[in-house]
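Protein chains in written order, with my numbering: chain P, 9 to 269; chain L, 18 to 298. Data first, discussion second: the structure below is written as structure tokens.
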Amino acid sequence: MATLRVMDSFLMPGPDLLSSQGLRLDGRRPNELRRIRCKLGVFTQPDGSAYLEQGNTKVLAAVYGPHQASKSKSSTEAVVVNCQYSMATFSTGERKNRPRGDRKSLEMSLHLRQALTAAIKTELYPRSQIDIYIEVLQADGGAYCASVNAATLALVDAGVPLRAYVCACTASMAWHGGSPAPLLDVGHVEEAAGGVVLTVASLPSTGSIALLEMSHRLHSDYFENVLSRALQGCRDIEVILDKAVRDHLAEGWTKQDVVTV
Amino acid sequence: MTEVYKHIHPSKYFNDYINQDVRPDGRDFDQQRDVIININGITSADASAIVKCGNTTVVCGIKLELARPKAEEPDIGFLISNVELLPLCSSKFRPGPPSDYAQVISNIVSDIVINSKCVDLKDLCVVTDKLAWVIYCDLVCLDYDGSIVDACIIALITSLKTLSLPTVTYDNETEEVKVDTGVKIPLQVHGLPVATSFGIYHKLPRNIILADPSAYEEEMCGGIGANLIVCWNKGLFCGIQKFGGCNLSTEDEKRTISLAKQRCKLVEQVIETCIKNGEVK
């Protein structure tokens, strides 16, 4: 017990992420998600589109496809999924000079592709290509998670067959009066404070994990706790996304059908 | 069925509509689409506006930075605008570096705004030869359905009108710069340039002018980039551009100029109403 306490103080992040009343820096409780608002079918040009807000993070997703793949990329067994992640120059506090093509964007594009390929029924469209474009209009932490959630909605809007919803969520760890308290859905301020951030993209209905990424250090005793909290967050997000899809279908049509050209 | 017909005989499909004096989306030749404006949607930007002209959607985000003025012009700041046509907005645009079309549109928008002198660059200078504001205006097109220049100009002017510059104190001896975001001065915007796009459809005996063409109509009228763009700035005619495409007779030219003038008044009203409602909140 004594050695564990020494490890705690060694790993504790700088400023307190939890106040004495147990509230976080933006006033949420430790296992509370930020408010999610989403809408499907927001644009007329793409085959499927979605807009998602998670707290102050605003993300747009557009899906084109499945359409014919370029010769170099086509595969005879499965569809080729192509993702592009782009952040608008005005999305962050400091103006971002290179919206796409820098290493961070390429890494995010790759992670997105891996998470979404796990859900799409790729064997249905050989020799074809699905393009997914993500534009982040405002980034306030959790931009990757919002992108995955928006991309799932856009894929549903485009009519691409999926095995399950893909939902992503972040989780972190804080200490409240000496005992560990996992935090759900990390915002930008909490990320910058230097605590550990665990990002999980999972298919909640099947219980499988498509992508798992962790930054900083976390003692292995706490890992299970943080992971299960993040997976629970994914399940909660799936409920929200499912409701949005059902509401959208209940409206009877998408904006694409209203414009008749 | 109509989709198939549209793909097999695109000209005949379009001609069938034009011969009945109506456009495929039901508008008259001179009728323009509605304009919807929303301000301050992006809180990470210093000023922002989202504009929808029909289905064409453009977001403008403004970021401010401080820089040293150029040596040959030590008392003026910088206004840099850039238009991004993402592959997200239309299947016509491929991923990669900005296409020729995107660069041309960026240039047109930049020229219209700079030549209209709506922002006096001398206002942006903080300390002569030492410190000046740089206004970065980034326009991102989210949905491309024709008339991109119109939407970009409206978004840009609306966000400039809602922009406020923080006060900057500069200590000459220590060269220390202090920015106080609590006290903000609104930027003075003179004039309100408004651009209107027209497509010219080649038809014998006389070419037809289509105001505010959609993406499909632009393709039929000679491709993207062949639009006629007319610019008015508060009652003063300030620009006309046409690169290639069909011929334009002189009576048609007069008509387009008067249509653009009416549109300018309408857009001014929309922008003023939007900003007033924003301030009330």
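We put the CB at the ideal spot given by N, CA and C, even for glycine.
Taking DSSP's pairing of strands, which residues face residue i in a bridge?
i, result
"C255 of chain L", "BP columns for C255 of chain L are empty, so no partner."
"L81 of chain L", "L:I152"
"H75 of chain P", "P:Q137"
"G56 of chain P", "P:V71"
"C177 of chain P", "P:V208"
"V247 of chain L", "L:T213 and L:I257"
"K66 of chain P", "P:E61 and P:Q146"
"D188 of chain L", "L:E193"
"T73 of chain L", "L:C70"
"S187 of chain P", "P:H184"
"K201 of chain L", "L:P183"
"I97 of chain L", "L:Y153"
"L221 of chain L", "The partner list for L221 of chain L (beta bridge, DSSP) is empty, contrary to what the question assumes."
"L226 of chain P", "According to DSSP, L226 of chain P bridges with nothing at all."
"L170 of chain P", "P:I128"
"L192 of chain P", "P:A179"
In terms of residue numbering, what span does the alpha helix (DSSP H) encompassing residue i cover?
i, result
"T160 of chain P", "A151 to A166"
"Q122 of chain P", "R111 to T125"
"A232 of chain L", "A232 to M237"
DSSP on residue i, reduced to helix/strand/coil?
i, result
"D167 of chain L", "helix"
"L19 of chain P", "Because the pLDDT of L19 of chain P is 48, which lies under 50, any placement of that residue in the model is unreliable, and the question is left without a value."
"V253 of chain P", "helix"
"R243 of chain P", "helix"
"H207 of chain L", "coil"
"R36 of chain P", "coil"
"R13 of chain P", "With a pLDDT of only 45 at R13 of chain P, under 50, the local geometry of the prediction cannot be trusted, and no value is derived from it."
"H26 of chain L", "coil"
"E198 of chain P", "helix"
"R45 of chain P", "strand"
"K278 of chain L", "helix"
"K129 of chain P", "coil"
"A238 of chain P", "helix"
"T268 of chain P", "Unreliable positioning characterises T268 of chain P in this predicted model, as indicated by a pLDDT of 49, which lies under 50. A coordinate reading is not provided."
"L283 of chain L", "helix"
"I241 of chain L", "coil"
"I44 of chain L", "Reading off the sequence, residue 44 of chain L comes out as Arg, not Ile. Three-state result, R44 of chain L: coil."
"I292 of chain L", "helix"
"K298 of chain L", "Residue confidence for K298 of chain L is low, a pLDDT of 46 falling below 50, so the modelled location carries little weight and cannot support an answer."
"A258 of chain P", "helix"
"K271 of chain L", "helix"
"T60 of chain L", "coil"
"D33 of chain L", "helix"
"F51 of chain P", "coil"
"V21 of chain L", "helix"
Which residue marks the beginning of the beta strand (DSSP E) containing residue i, and which one marks its end?
i, result
"T179 of chain L", "Note, T179 of chain L: premise wrong, no beta strand (DSSP E); not H, not E."
"F215 of chain L", "P210 to Y218"
"I67 of chain L", "A64 to C70"
"M222 of chain P", "S216 to S223"
"M95 of chain P", "V88 to M95"
"A88 of chain L", "Looking at the DSSP string, A88 of chain L is not in any beta strand (DSSP E), and its letter there is neither H nor E."
"A228 of chain L", "I225 to A228"
"S99 of chain P", "Here S99 of chain P belongs to no beta strand (DSSP E), and DSSP marks it neither H nor E."
"S80 of chain P", "Where S80 of chain P is concerned, there is no enclosing beta strand (DSSP E), given that its DSSP letter is neither H nor E."
"V52 of chain L", "V52 to I56"
What I want to know is whether the C-beta of residue i ends up closer than 7 angstroms to one or more non-hydrogen atoms of the ligand SAH.
i, result
"K87 of chain L", "Looking for the ligand SAH in the displayed structure turns up nothing, as the structure carries no ligands at all."
- Item | Every unbroken alpha helix (DSSP H) within the segment 99 to 174 of chain L, with a cutoff of 4 residues, ordered by chain | Listed in chain order, the complete alpha helix (DSSP H) runs (minimum 4 residues) inside the segment 99 to 174 of chain L are 117 to 132.
- Determine which residues of the segment 73 to 94 of chain L have a Cβ less than 8 angstroms from any Cβ of chain P, and write them out in chain order. Listed by position, the residues of the segment 73 to 94 of chain L near chain P (Cβ gap below 8 angstroms) are T74, V76, G78, I79, K80 and E82.
- Below 9 angstroms between beta carbons is the criterion; list the residues of the segment 236 to 261 of chain L that meet it against any residue of chain P, in chain order. none
- Message: So if I threshold CB-CB distances at 8 angstroms, which residues from the segment 147 to 172 of chain L count as touching chain P?
- Response: Y153, D155, V157, L159, D160, Y161 and D162
- Query: Of all the residues that make up the segment 141 to 157 of chain P, which are near chain L by a beta-carbon distance shorter than 9 angstroms?
  - Reply: The residues in question are Y141, I142, E143, L145, Q146, A147 and D148.
- Which residues, taken in chain order from the segment 37 to 53 of chain P, show a beta carbon closer than 9 angstroms to some beta carbon of chain L? V50, F51, T52 and Q53
- Item | Interfacial residues, the segment 63 to 74 of chain P to chain L, with Cβ spacing under 8 angstroms | Residues of the segment 63 to 74 of chain P whose Cβ lies closer than 8 angstroms to any Cβ of chain L, in chain order: N64, K66, L68, A70 and Y72.
- Interface positions of the segment 82 to 99 of chain P facing chain L (Cβ-Cβ less than 8 angstroms), listed along the chain: Close to chain L, meaning a Cβ-Cβ distance shorter than 8 angstroms, are the following residues of the segment 82 to 99 of chain P: Q92, S94, A96, T97, F98 and S99.
- Task: Identify each residue in the segment 103 to 129 of chain L for which the Cβ-Cβ distance to at least one residue of chain P is less than 8 angstroms, and report them in chain order.
- Result: L103, P104, L105, C106, S107, S108 and P112
- Using a Cβ-Cβ cut-off of less than 7 angstroms, give me the residues of the segment 52 to 64 of chain L that come near chain P, in sequence order. I59, T60, S61 and A62
- Note down, in chain order, all residues in the segment 187 to 204 of chain P with a beta-carbon under 8 angstroms from any beta-carbon belonging to chain L. none
- Task: Taking only beta carbons into account, state which residues of the segment 206 to 222 of chain P come closer than 9 angstroms to chain L, listed in chain order.
- Result: none
- Query: Which residues, in order along the segment 105 to 119 of chain P, keep a beta-carbon less than 9 angstroms from a beta-carbon of chain L?
  - Reply: Those would be P107, R108 and G109, in chain order.
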